[in-house]
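Colleague: Chains A, B and C, in that order, are what the protein sequence lines are.
Mapping of the first sequence onto my numbering: residues 624 to 853, in sequence order.
Mapping of the second sequence onto my numbering: residues 6 to 192, in sequence order.
Mapping of the third sequence onto my numbering: residues 2 to 379, in sequence order.
Each residue gets a CB set at the ideal place from its N, CA and C atoms; glycine is no exception.
This is the structure I want to talk about, given as structure tokens.
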Amino acid sequence: MVERSAELEMTVQNTSPGMDLDDMSSAELERAGVIVTRADFLYNWARGNSVWPLTFGLACCAIEMIAAATSRFDMSRFGSEVFRPTPRQADLMIVSGTVTKKMAPQVVRIYNQMPEPKWIIAMGACAISGGPFKHGYNVLKGIDRYLPVDVYLPGCPPRPEAVLQSLNYLQEKIKKQDIKTDPAFTKGRRQYPVPEFTGKDLEPPYNPEVWSPPENPNSEPVQPPKKTTA
Amino acid sequence: MSELSHEPLLKEFPDACWDEAAGAVIVPEGRARVMAEWLLMQGVDYCSNVTGVDYLEAEVKEKITNDAGEEETVTRTEPGRIDVVYHLYSMRDQTGPLVLKQRTGRENAQAESLTPVWRSCELQEREVFDLFGVDFKGHPDQRRILMWDEYEEHPMRKDYTEPFDYEWEPTPHDEILEKHKKGKVIV
Amino acid sequence: MVAPNYELIAQDGLETSLLEVSMGPHHPSTHGVFRMDVKLDGETVVDLKPVFGYLHRNHEKLAENMSYLANMPFTDRLDYFNSMTNNWAYALAAEGLVEIEVPERAEYLRVIMAELTRLVNHVSLVGFFVNDLGALGTPLMYAFREREKILDLFEEASGARMMCNYFRFGGLRCDVPAGWLDRAREVVDQFPEFLDEYEKLLCENEIILSRTQGIGTLSRELAINAGITGPMLRASGVAYDLRKVDAYGIYDRFQFRVPYGEVGDCYDRFMVRMLEMRESVQILRQALDGIPEGEIMGKAPRVFKPKPAEVYGRVEGPKGELGFYLIADGTPKPYRYRVRPPSLINLTVLRDMCLGQKIADAVVILGSIDIVLGEVDR
Numbered sequence: 624m625v626e627r628s629a630e631l632e633m634t635v636q637n638t639s640p641g642m643d644l645d646d647m648s649s650a651e652l653e654r655a656g657v658i659v660t661r662a663d664f665l666y667n668w669a670r671g672n673s674v675w676p677l678t679f680g681l682a683c684c685a686i687e688m689i690a691a692a693t694s695r696f697d698m699s700r701f702g703s704e705v706f707r708p709t710p711r712q713a714d715l716m717i718v719s720g721t722v723t724k725k726m727a728p729q730v731v732r733i734y735n736q737m738p739e740p741k742w743i744i745a746m747g748a749c750a751i752s753g754g755p756f757k758h759g760y761n762v763l764k765g766i767d768r769y770l771p772v773d774v775y776l777p778g779c780p781p782r783p784e785a786v787l788q789s790l791n792y793l794q795e796k797i798k799k800q801d802i803k804t805d806p807a808f809t810k811g812r813r814q815y816p817v818p819e820f821t822g823k824d825l826e827p828p829y830n831p832e833v834w835s836p837p838e839n840p841n842s843e844p845v846q847p848p849k850k851t852t853a
Numbered sequence: 006m007s008e009l010s011h012e013p014l015l016k017e018f019p020d021a022c023w024d025e026a027a028g029a030v031i032v033p034e035g036r037a038r039v040m041a042e043w044l045l046m047q048g049v050d051y052c053s054n055v056t057g058v059d060y061l062e063a064e065v066k067e068k069i070t071n072d073a074g075e076e077e078t079v080t081r082t083e084p085g086r087i088d089v090v091y092h093l094y095s096m097r098d099q100t101g102p103l104v105l106k107q108r109t110g111r112e113n114a115q116a117e118s119l120t121p122v123w124r125s126c127e128l129q130e131r132e133v134f135d136l137f138g139v140d141f142k143g144h145p146d147q148r149r150i151l152m153w154d155e156y157e158e159h160p161m162r163k164d165y166t167e168p169f170d171y172e173w174e175p176t177p178h179d180e181i182l183e184k185h186k187k188g189k190v191i192v
Numbered sequence: 002m003v004a005p006n007y008e009l010i011a012q013d014g015l016e017t018s019l020l021e022v023s024m025g026p027h028h029p030s031t032h033g034v035f036r037m038d039v040k041l042d043g044e045t046v047v048d049l050k051p052v053f054g055y056l057h058r059n060h061e062k063l064a065e066n067m068s069y070l071a072n073m074p075f076t077d078r079l080d081y082f083n084s085m086t087n088n089w090a091y092a093l094a095a096e097g098l099v100e101i102e103v104p105e106r107a108e109y110l111r112v113i114m115a116e117l118t119r120l121v122n123h124v125s126l127v128g129f130f131v132n133d134l135g136a137l138g139t140p141l142m143y144a145f146r147e148r149e150k151i152l153d154l155f156e157e158a159s160g161a162r163m164m165c166n167y168f169r170f171g172g173l174r175c176d177v178p179a180g181w182l183d184r185a186r187e188v189v190d191q192f193p194e195f196l197d198e199y200e201k202l203l204c205e206n207e208i209i210l211s212r213t214q215g216i217g218t219l220s221r222e223l224a225i226n227a228g229i230t231g232p233m234l235r236a237s238g239v240a241y242d243l244r245k246v247d248a249y250g251i252y253d254r255f256q257f258r259v260p261y262g263e264v265g266d267c268y269d270r271f272m273v274r275m276l277e278m279r280e281s282v283q284i285l286r287q288a289l290d291g292i293p294e295g296e297i298m299g300k301a302p303r304v305f306k307p308k309p310a311e312v313y314g315r316v317e318g319p320k321g322e323l324g325f326y327l328i329a330d331g332t333p334k335p336y337r338y339r340v341r342p343p344s345l346i347n348l349t350v351l352r353d354m355c356l357g358q359k360i361a362d363a364v365v366i367l368g369s370i371d372i373v374l375g376e377v378d379r
């Protein structure tokens, strides 16, 4: 097991090439110019190191995402060489900023248009759970109510270095994927139903296949938030 | 910046009244467009801010002297109303502000649109229509601006209740709550 | 983009059709979630309808439930490029409700922060504008390099790069650390070299000249009547700058000029912003020279509970006049809290400027207005 420092808790499985051959034979082959590996490792290595994000900036976090792509923080050294403006050519959707109920159907439609493999990073407090604007009538309380999120990145806004770290986490996650069993690869392109506008709210308010409200362990039901007097 | 005086306006339109507490000219019903056109001719050419304020029906206690000459506290019900407030400046003379208020009731809220006079009112009056429900007569393009078209409510009113889609969030409970109350743990 | 609708029209005996295209809310330009429904005859824009509301986060409704000071971090998120100026507009409005005297050092620091914010905004805008014209990425990298230097200064002073939350009613939250003024002076002294480099590269550039001159002309009368403020108004020939007209803070102590244009097209708006950056550098030099020692915070009441009153406070933000209208009713929370958004009102004339132009020009015109959706939708 290759381990990084304990604080980061990022561990990589032993996917070194030539695992199934003993050292003597793999060393001989390498001297002859042949590397033996598994298909999983090769696919995941290629996919993880060339993740192309979609230019999907909604609000303030978009500026920090752009700053992460500029020359000081430089996201392209991790493989995100270009930001594609069209979803048909992108792998990663970084939902950066508040998702409002007016914008939510468009977010789901754009996700549906992306081809597999695709991942989502929910960047910023607003995309994770509504953020500072949670008590709002037009704010969707987290994009994970409609779409499956792979990496959550807290912050308001998170620093560009945090954006780079979330990309690293995503790459670790990609390296652990198994192409035989991952539903993203076996079921075809994942598409989710687009919510509709009604007179008061979105219909449905959340997608039950993707998200269900956490269980309330208390005996009293959930109350609407109290008005603060801070 | 020097002040824009309301005296000439009150002299020209004696049926308008001056609200000292708010520092604003209250425009009588149906006279807003005429007053606005007169102001534009005087050089008040810049309308900076258009907004709506919602007042629910409230009981107001006032101290008045009754017929016997004593002071007593009287309670009267002030009816609910929606104010549309305009802040006006003059770019030519670099003076301002002058505040106008149009008053309307909460049911069937209607007001006169000042968009033909000052174009800057166009989008802001649409916003007052969307969020407060005030119908502006004479507005060239009145439709919802911030909420989606199928929306039926008027969110900025004081009696609006938002749709309840909050989920349970872990907050301190059981032993962590006890420790927090004793000051041993910060949550 | 939704499927285009066809509208058949007869023109010169030929049957042609109008193409209706919805540009946005997700588009490669960097202005945010803004949608334009454009009707095209060939490539000429025949009609244009802007659609907003995709970032409506009901800031005004939230503010009615929170105390005055708790609203300060939310003002950062309005126009998320210039958080310091938003804070100042709100602090100015709230200080108008209660009599608080702001000490000298705090006033100087407020001016320094506001002018640094103006530099950040204009430099980012110039980068995004040239990005929209087609120079994908490279001028943006140079612009963001300068922005990063100023954001480092903000981070040292207030703790955060973008959402600074630095202003308080009666002063500032805390003093700048030791050596900050020297570092600020270094950044300000290097800035004119960057401006020279940018001007040499861009302002005489043939492509920029041909793509922005004569495009999106805004006449003086329409600009005043439509309530346009900021660099867009000054590019149309009206010398109205709130720093000179209202002279809030201590702006009357500084010598600076207000650049304004003649024609009112996109090139004028671009050049007005470049010239304003130079004037900001002048103000910064004077402020950094003259800043005294002293207190940072005036005598503010412990609980901010103003008497019933109304106030409208405005500042010259980098995008236009940013105003806050507050109605207090004696409780610790405002009764009505209204933001006058310069970007929304500057969009009133988008349709007028774009009619008759090509669709590629519509993108350039939108870029030159300099909108930020956090402010348009609040």
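Using a Cβ-Cβ distance cut-off of 8 Å, determine whether residue 232 of chain C contacts chain B.
Modeller: As a working mapping, residue 232 of chain C is identified with position 231 in the third sequence. It does not: the Cβ of residue 232 of chain C has no partner Cβ on chain B nearer than 8 Å.
Colleague: Would a C-beta distance cut-off of 8 Å place residue 343 of chain C and residue 318 of chain C closer than the cut-off?
Modeller: Sequence index remark: in the third sequence, residue 343 of chain C carries index 342 (1-based). Sequence index remark: in the third sequence, residue 318 of chain C carries index 317 (1-based). Yes, the pair counts as a contact, with Cβ atoms nearer than the cut-off.
Colleague: Out of B:167, B:163, B:146 and B:165, which has the shortest C-alpha to C-alpha gap to residue 349 of chain C?
Modeller: The residue given as residue 349 of chain C occupies position 348 in the third sequence. Ranking the options by Cα distance to residue 349 of chain C, first place goes to B:146.
Colleague: Would you check if the region 243 to 261 of chain C and the region 141 to 154 of chain C touch, i.e. whether three or more CB-CB distances between them fall below 8 Å?
Modeller: Flag = no, the region 141 to 154 of chain C and the region 243 to 261 of chain C do not touch.
Colleague: In chain order, which continuous runs of the alpha helix (DSSP H) of length 4 or greater are located wholly inside the region 79 to 163 of chain C?
Modeller: Correct list: 84 to 98, 105 to 134 and 139 to 159.
Colleague: So, helix, strand or coil for residue 281 of chain C, using DSSP?
Modeller: Here residue 281 of chain C is taken as the residue at index 280 of the third sequence, counted from 1. Residue 281 of chain C falls in the helix class under three-state DSSP.
Colleague: Can you give the beta carbon distance from residue 361 of chain C to residue 46 of chain C, rounded, assuming they're within the 8 Å contact cut?
Modeller: As a first step, residue 361 of chain C must be located in the third sequence, where it is residue number 360. As a first step, residue 46 of chain C must be located in the third sequence, where it is residue number 45. Wrong, their Cβ atoms sit about 10 Å apart, outside the cutoff.
Colleague: Between which two residues does the alpha helix (DSSP H) containing residue 50 of chain C stretch?
Modeller: Position 49 of the third sequence, counted from the start, is the residue given in the question as residue 50 of chain C. It is not in any alpha helix (DSSP H) - residue 50 of chain C instead sits in the beta strand (DSSP E) that spans 45 to 52.
Colleague: In its own chain, which residues sit with a C-beta less than 7 Å from the C-beta of residue 757 of chain A, not counting the 5 before and 5 after it?
Modeller: Here residue 757 of chain A refers to the residue found at position 134 when the first sequence is read from its first residue. These residues qualify, in order along the chain: 764.
Colleague: What would DSSP say about residue 789 of chain A, mapped onto helix, strand or coil?
Modeller: Counting from one through the first sequence, the residue named residue 789 of chain A turns up at place 166. Three-state DSSP puts residue 789 of chain A in a helix.
Colleague: Helix, strand or coil, according to DSSP, for residue 632 of chain A in the structure here?
Modeller: In the first sequence, the residue the question calls residue 632 of chain A occupies position 9. Only weak support is given to the placement of residue 632 of chain A: the predicted model assigns it a pLDDT of 44, under 50, and the value that follows is read from those uncertain coordinates. Three-state result, residue 632 of chain A: coil.
Colleague: Express the C-alpha separation of residue 106 of chain C and residue 326 of chain C in angstroms, rounding to a whole number.
Modeller: Counted from its first residue, the third sequence places residue 326 of chain C at position 325. Counted from its first residue, the third sequence places residue 106 of chain C at position 105. Roughly 27 Å separates the two Cα atoms.
Colleague: Ignore the nearest five residues each way along the sequence and tell me which others in residue 819 of chain A's own chain have a CB closer than 8 Å to its CB.
Modeller: Numbered from its first residue, the first sequence carries residue 819 of chain A at position 196. So the qualifying residues of the chain are 728, 825 and 826.
Colleague: Measure the CB-CB distance between residue 125 of chain B and residue 22 of chain B and report whether it falls below 8 Å.
Modeller: As a position in the second sequence, residue 125 of chain B is number 120, starting the count at 1. As a position in the second sequence, residue 22 of chain B is number 17, starting the count at 1. Their beta carbons are not under 8 Å apart, which means residue 125 of chain B does not touch residue 22 of chain B by this criterion.
Colleague: Report the neighbours of residue 341 of chain C on chain B: residues whose CB is nearer than 7 Å to its CB, in chain order.
Modeller: For this step, residue 341 of chain C is matched to residue 340 along the third sequence. Chain B residues near residue 341 of chain C: 53 and 54.
Colleague: Please report whether the beta-carbon of residue 756 of chain A lies at a distance below 8 Å from any beta-carbon of chain C.
Modeller: Position 133 of the first sequence, counted from the start, is the residue given in the question as residue 756 of chain A. Judged by the 8 Å Cβ criterion, residue 756 of chain A is in contact with chain C.
Colleague: Which same chain residues, not among the five before or five after residue 11 of chain B, have their C-beta less than 8 Å away from its C-beta?
Modeller: Along the second sequence, one-based indexing puts residue 11 of chain B at 6. So the list reads 23, 30 and 103, once near-sequence residues are dropped.
Colleague: Between which two residues does the beta strand (DSSP E) carrying residue 115 of chain B extend?
Modeller: Residue numbering aside, residue 115 of chain B sits at position 110 when the second sequence is read from its first letter. Per DSSP, residue 115 of chain B belongs to the beta strand (DSSP E) from 115 to 117.
Colleague: Any chance the region 76 to 96 of chain C sits against the region 217 to 229 of chain C, with 3 or more Cβ pairs inside 8 Å?
Modeller: The region 76 to 96 of chain C, when compared against the region 217 to 229 of chain C, does not touch it at the 8 Å Cβ threshold.
Colleague: Could you compute how far the alpha carbon of residue 93 of chain B sits from the alpha carbon of residue 675 of chain A?
Modeller: The count along the second sequence starts at 1 and reaches residue 93 of chain B at position 88. The count along the first sequence starts at 1 and reaches residue 675 of chain A at position 52. Roughly 50 Å separates the two Cα atoms.
Colleague: Tell me the rounded alpha-carbon separation between residue 124 of chain C and residue 83 of chain B.
Modeller: The count along the third sequence starts at 1 and reaches residue 124 of chain C at position 123. The count along the second sequence starts at 1 and reaches residue 83 of chain B at position 78. Looking at the two C-alpha atoms, the distance is approximately 52 Å.
Colleague: Would residue 22 of chain C pass as a contact of residue 41 of chain C if the rule is Cβ separation under 8 Å?
Modeller: Position 21 of the third sequence, counted from the start, is the residue given in the question as residue 22 of chain C. Position 40 of the third sequence, counted from the start, is the residue given in the question as residue 41 of chain C. Cβ distance < 8 Å, so residue 22 of chain C and residue 41 of chain C count as in contact.
Colleague: Could I get the ranges of all uninterrupted beta strand (DSSP E) runs contained in the region 84 to 148 of chain B, with 3 residues as the minimum, in chain order?
Modeller: The region 84 to 148 of chain B contains these whole beta strand (DSSP E) runs: 86 to 95, 100 to 110, 115 to 117 and 140 to 142.
Colleague: Using the three-state DSSP reduction, which class does residue 152 of chain B fall into: helix, strand or coil?
Modeller: Locating residue 152 of chain B in the second sequence gives position 147, counting from the first residue. Residue 152 of chain B falls in the coil class under three-state DSSP.
Colleague: Could you tell me how far apart the beta carbons of residue 236 of chain C and residue 259 of chain C are, in whole angstroms, since I believe they sit closer than 8 Å?
Modeller: As a working mapping, residue 236 of chain C is identified with position 235 in the third sequence. As a working mapping, residue 259 of chain C is identified with position 258 in the third sequence. Not a contact, Cβ separation roughly 12 Å.
Colleague: Cβ of residue 170 of chain B less than 8 Å from any chain A Cβ?
Modeller: For the purposes of this step, residue 170 of chain B is taken as residue 165 along the second sequence, with counting starting at 1. Judged by the 8 Å Cβ criterion, residue 170 of chain B is in contact with chain A.
Colleague: Helix, strand or coil: how does DSSP classify residue 165 of chain C here?
Modeller: Sequence index remark: in the third sequence, residue 165 of chain C carries index 164 (1-based). If DSSP states are grouped into helix, strand and coil, residue 165 of chain C belongs with coil.
Colleague: Under 7 Å between beta-carbons, which chain C residues line up against residue 150 of chain B? List them in chain order, please.
Modeller: For the purposes of this step, residue 150 of chain B is taken as the residue at position 145 of the second sequence. Within 7 Å Cβ-Cβ: 53 and 54.
Colleague: Under 8 Å Cβ to Cβ from residue 359 of chain C, same chain only, skipping five residues before and after it: list those, please.
Modeller: Within the third sequence, residue 359 of chain C is the residue found at index 358, counting from 1. Here the set comprises 44, 45 and 46.
Colleague: Can you name the start and end residues of the alpha helix (DSSP H) that residue 364 of chain C belongs to?
Modeller: As a working mapping, residue 364 of chain C is identified with position 363 in the third sequence. Unbroken alpha helix (DSSP H) run through residue 364 of chain C: 360 to 370.
Colleague: Return the residue from the list B:63, B:9 and B:141 that minimises the CA-CA distance to residue 38 of chain B.
Modeller: The count along the second sequence starts at 1 and reaches residue 38 of chain B at position 33. Nearest of B:63, B:9 and B:141 to residue 38 of chain B, Cα basis: B:141.
Colleague: So is residue 118 of chain B in contact with chain C if we call contact Cβ pairs under 8 Å?
Modeller: Numbered from 1 along the second sequence, position 113 holds the residue referred to as residue 118 of chain B. Not one chain C Cβ lies under 8 Å of residue 118 of chain B.
Colleague: In chain A, which residues lie with their C-beta within 8 Å of the C-beta of residue 156 of chain B?
Modeller: Translated into the one-based positions of the second sequence, residue 156 of chain B becomes position 151. Those within 8 Å of residue 156 of chain B in chain A are 820, 822 and 823.
Colleague: What does residue 58 of chain B pair with, by DSSP beta-bridge criteria?
Modeller: Counting from 1 along the second sequence, the entry for residue 58 of chain B is found at position 53. According to DSSP, which records beta bridges pairwise, residue 58 of chain B is partnered with B:88.
Colleague: If you check the beta carbons only, do residue 57 of chain C and residue 371 of chain C fall under 8 Å apart?
Modeller: Along the third sequence, read from residue 1 onward, the residue named residue 57 of chain C stands at position 56. Along the third sequence, read from residue 1 onward, the residue named residue 371 of chain C stands at position 370. Cβ distance not < 8 Å, so residue 57 of chain C and residue 371 of chain C don't count as in contact.
Colleague: Which full runs of the beta strand (DSSP E) of 3+ residues lie inside the region 297 to 360 of chain C, going along the chain?
Modeller: Counting only runs of 3 or more, we get 310 to 318, 321 to 329 and 337 to 341.
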